[in-house]
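Asker:
In the working numbering, the protein residues as written are 55 to 233.
(1) To test your reading of the DSSP string, which unbroken beta strand (DSSP E) runs of 3 or more residues are found completely within the region 122-177?
(2) Evaluate contact between the region 110-125 and the region 134-150, counting only Cβ atoms and requiring at least three cross-stretch pairs below 8 Å.
(3) Who are the Cβ neighbours of residue 209 in its own chain at under 7 Å, not counting the five residues just before and after it?
(4) If you scan the region 185-220 from start to end, which runs of the alpha helix (DSSP H) of 4 or more residues do you find wholly inside it?
(5) In the structure shown, what three-state DSSP assignment does residue 78 receive?
(6) Below 6 Å CB to CB, which residues in the same chain sit around residue 199 once its five sequence neighbours on both sides are set aside?
(7) Please return the same chain residues whose Cβ sits closer than 6 Å to the Cβ of residue 130, not counting the five positions on each side in sequence.
(8) Out of 214, 189 and 174, which one is the CA nearest neighbour of residue 206?
(9) If you follow the alpha helix (DSSP H) that residue 101 is part of, which residue opens it and which one closes it?
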């Protein structure tokens, strides 16, 4: 499995997050929806954003070959959000996660990016299962996970979290049946 640094869709480039994305990550982490649905990461300046990228984002990309990708609109180079695959303690399999700046919501960009991420999970990374987690009140994330073909499996509480989240999941490869 090779490290995939960049790929594209019809309207987007998806580029592996780097320290150069610190100002954008600072903005994204401090949007009202990030704070409400993902949590306040207490990242309040570019220096803290670089540290967050270095400690929370880059190690997984280096260890697993996948992680967080920045969504860049082809037509003007604007950074709009992130989407990626994450290993999370307490989950069987990987988790697809995503976040978008408010001004780009509702235009289909995240679905386009997440569909590509799902395809990469199957065809490039050869993963067997894809999960998605969200708070029950995050209707937009629930709808996107269902549109991607993930089914609601129930609620779970991840280690070190104080709230239950909804668990969505799908098998990416058919299970072999023994006869």
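Glycine is no exception: its CB is placed at the ideal position from the N, C-alpha and C atoms.
Note that the coordinates shown come from a computational prediction; the quantities given were computed from them, not determined experimentally.
Answerer: In brief:
(1) Runs of beta strand (DSSP E) with 3 or more residues, each lying fully within the region 122-177, are found at 122-127, 133-141 and 148-154, listed in chain order.
(2) Because the criterion of three Cβ pairs below 8 Å is met, the region 110-125 and the region 134-150 touch.
(3) Around residue 209: 218, 219, 220 and 221.
(4) Here the runs fully enclosed are 193-201.
(5) It is helical.
(6) If we look at residue 199 and ignore the five residues flanking it on each side, its Cβ neighbours are 186 and 222.
(7) None.
(8) Each of 214, 189 and 174 was checked against the Cα of residue 206, and the nearest Cα belongs to 189.
(9) That run of the alpha helix (DSSP H) goes 100-106.
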